[in-house]
Each structure stands twice: as structure tokens, then as C-alpha cells.
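Counting in full-length UniProt numbering, the final residue of the sequence shown is number 346, and the numbers go up one at a time with none missing.
Quick reminder that beta carbons are idealized off the backbone N, C-alpha and C, glycines included.
In this text the structure is predicted, and so the values were computed from the model without any measurement.
Here the structure is laid out as C-alpha cells; the discussion comes afterwards.
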Amino acid sequence: MVNKSVCLIYDDIFLEHRGPRGHPERPERLKIALRSIKEHNLPVNFIKPINGEISIALRVHDKGYVSHVTEMLKRAFTFLDPDTYLSEGSLKAILHALGGSIQSADLAFSENKTIFLMPRPPGHHAGIRGRAMGAPTLGFCVFNNIAVVIHRLLEKGVKRILVIDFDAHHGNGTQEIFYKNPNVVHIDLHQDPFTLYPGTGFIYDIGEEEAEGTKVNIVLPPGSGDDAYEIAIREVIEPIISQFKPSAIIYSAGFDAYLNDGLASLRMSSNSLHKLASLSSNVNILVAVLEGGYSAGLRRGVPAFVSGLLGIEDPIKDEKTTTADISTFKRDLRSLKDLLSTKWSF
């Protein structure tokens, strides 16, 4: 199935979440991404997000955490933790991110629209009670936007949801929220947690109880390039898609794994982003939610990913990148497949 367009849910209100000078999670991130889409003439339809209510966050977060954030949002400027700020404009941005998350799920489910939600602040590090799985901070996130999308689809009766998180940092919040849910298969490709925040997402974190084997952490050594992503897609992701037969694919779309983006040490190029997006070609319910990405990943990675969603040629056409330590990656991937062998056939 070739999608003729992508519905991009965005509003300038997301720019009102403003941090201190020099903070990497800044309004300009969205401007870079939007400019790159327009420069490559990609056929996207813009839709404004609806204004949600703070109660939407209670679908995926603990009441105490939501109450704490609500109180902090009353201040003109503050920090939730050393990484994560709240400003005077954050409340409006957050309410539209929550409303846009519900809206994304509804449009994808009811109208089979391909959705790319581009909110700020991002969300995949925010767990049930905030910091997730022992992480030191929230990593710029406040409420988990993609978890709200997933919860809404589950509420509508979607039984088989595949999450693909390709942000360089482990999506610990999302994984924690659905750790015991067998209807949510979460594949997370991220830099080795021994070398990068949040220090979570090891290969042996595979889910619990009925969900054992549904949480799949593909750990990439620093310096990993397209060859590692190709192996992961061929040997793990495609077999799981074939066996799971997802009704919906939800992307946690972080672009900081892109070569020289700035906050990680991975070497993904446009080739891997285009290929990851193309994995959704036979699925009717499709939502992508922006996570990280700070410079080159937004400028060059976003158009590559969107073109993959559209089913058209990659306009960036990077040279393929390679991995210096590919033997370590292959060894770890074999170990992962062994751990998952009671659930999946590889």
C-alpha cells in the first residue's frame, strides 16, 4: 500500500514550551523539521491538534505524578529535574500534545489516515510515575504522548499494536507503561545503555507475565551504522512483524541516532530511516510521534522517514554508513534472539 499523503498534526503552540538558553530541547527543533519537509516538497496535509485536558495523562500516568506536574505548571518557570524544564507556555503545549495524541489515534483508527504528530515536549521517557525503570531524570519529557496514542487504540479494541522506537535513547517510559501488556509489542533500537542516558533497555528486559517476549531491546554499540540497522530489521523486526501481524504500527520517531545529530554516538543515515518507515506499508493504522532529534537528524532524517511513510523514493540518498564494532552487535543480537526464542521464530 502506497500512502498518498501524511497528515502532520502540528501547531505553533508547541513552540511556546521554552527552556533556558542552550538547552537542546528547544523550539527551533520543530522549525528545522518542518522546513526540511517543505524543502523536499513532500505531500503532507497539516492538521491542527485539538486542545486536550490534563486528565488525559491519567490514562497512562499515576495520579500523584500528574498532580505534581499540574502544580509545577502553575509556576512561570521551573525544572522538574536537572534535564526537564517547564515554562509559562508549557501548559498550552502539553494540553495540545495530549489532545493531539487522542486525535492521532482517532484519525488513524476511524479514517485510516497516516499520522505524524509533532509535539513538544517529547514523551517516551515519561513512565507511570515519571522517571521510569530507574532512570535518573525524565530526559526532557513530561507526559508520554505515544503511550496515550497506544492506550486510545487499545480502548478502541485494537488487539495487536507494534511500537517501533528508533530514538537513540531507550524509550523507557513507554516500555514501563506496557511492560505487562501482551497486546503491545515494543521493539526499541537504541545505543548501548551502558554508554548513554537513560541507562535502561537491556536485552534481557523482555516483558513480564503474559507479555514475556513482547518487549524487544535491540542494543547498538556506539558507532553503529546502517549495516547494523539492516541486520536488525532483517533478522529480528521483519520476522516479528510476519508472526505478530500487527493491526497498528506506532513509531516513536526520534532522529538523534542520525549521524552527527549531536546527543548520541550512532551513525544512522537516511537509508535506515526510510527502511524503518517502509515496514509499515501493509498496515492500515499508522501513527508516528516525534521524540528526539536536534540538528542533522531533523534536517535530513525527517524527510527520509516521511518519504518512507509515503512509499516514495528517499530524497536524501545518503551513502550507507558502517559499524566498526559489528561483531559485538552481532553477538548481542544472537543473545537477544536466544532470549526471545520461546516467543518468536528467527
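Check                                                                                                                         : Outcome
Minimum C-alpha distance to Q243 - residue among K317, P43, T342                                                              : T342
Cα-Cα separation between R160 and Q103, rounded to whole angstroms                                                            : 20 angstroms
Neighbourhood of T322 by C-beta distance below 6 angstroms, restricted to the same chain and skipping five residues each side : G225, D227
Strand pairing of L286, partner residues [DSSP]                                                                               : T114, I249
N- and C-terminal bounds of the beta strand (DSSP E) containing T174                                                          : Looking at the DSSP string, T174 is not in any beta strand (DSSP E); the run it does join, the alpha helix (DSSP H), is 172–177.
Assigned exposure category for N136 - 16 Cβ within 10 Å defines buried                                                        : It should be pointed out that residue 136 corresponds to Pro in this sequence rather than to Asn. Answer is exposed; the Cβ neighbour count stays below 16.
Local conformation of D188 per DSSP, three classes                                                                            : strand
Nonlocal neighbours in the same chain, by C-beta distance under 6 angstroms from Y85, ignoring five residues either side      : G19, F79
Spatial distance of G262 from G22 (CA atoms)                                                                                  : 13 angstroms
G127 (DSSP reduced to helix, strand or coil)                                                                                  : strand
Backbone CA spacing between P49 and E208 [nearest angstrom]                                                                   : 35 angstroms
Check whether D325 and G293 have beta carbons under 8 angstroms apart                                                         : no
Contact set for E238: own chain, Cβ-Cβ below 8 angstroms, skip 5 residues either direction                                    : L279
Contact belief for V236 with V216 at Cβ below 8 angstroms, rounded distance in angstroms                                      : 7 angstroms
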